[in-house]
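A.B. asks: Once you've had a glance at the structure underneath, I'll fire off some questions.
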Amino acid sequence: MKNIIIYLAAVILLTSCFEEKIIVPDGEITTAVAFEVEISQKNIFDLNFRDDAGQPIARIGAEVLTDLPENNGLVLFTAFTDSNGDISTSIHLPSNINTLVLKINHSGTVKYFPLESINGSYELQYIGTL
């Protein structure tokens, strides 16, 4: 009797583990579009600053943030423009990040610029007074 109870318990346990079959009336199952498995990608930053006369603005302090500071944006990196007014670098970011914020601090004036990714590339050509 004890063996029969153990056998029945095992059968019930094993049969409850099988997946139920779902019958679809038309025989078609709609699935989601392709799932992206890449969690990070290399992003290239090419930022250029020139004054009103078209001359490079060197040694500008810049920070790239995930969002504005009032929205708790985090600083991803800090850099200074070179003698050509350029900041060029690349970093790996999560694949779902497409919009960043550039914070410029020049002579005590702080300005923010939106940066949009185009195929993993962030570009900004700024001409004017900071």
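Numbering-wise, this note's numbering comes out as the position in the sequence shown, counting from 1, plus 8. Beta carbons are placed, not taken as given, at the ideal position from N, Cα and C, and that holds for glycine.
Using alpha carbons as the reference points, say which of 66, 92 and 97 lies closest to residue 53.
C.D. replies: 97
A.B. asks: What's the C-alpha gap between residue 114 and residue 138?
C.D. replies: Counting only the Cα atoms, residue 138 lies some 7 Å from residue 114.
A.B. asks: Using only the alpha-carbon positions, how far apart do residue 90 and residue 106 sit?
C.D. replies: 25 Å
A.B. asks: In chain order, what residues of the same chain have a beta carbon less than 6 Å from the beta carbon of residue 59, not counting five sequence neighbours either side?
C.D. replies: In its chain, beyond the 5 residues on either side, 65 have a beta carbon closer than 6 Å to the beta carbon of residue 59.
A.B. asks: Please report how far the alpha carbon of residue 73 lies from the alpha carbon of residue 134, in whole angstroms.
C.D. replies: 18 Å
A.B. asks: Apart from the five residues just before and just after residue 85, which ones in its own chain have a Cβ nearer than 6 Å to its Cβ?
C.D. replies: Around residue 85, the same chain offers 72 as residues with beta carbons nearer than 6 Å, after the five sequence neighbours per side are excluded.
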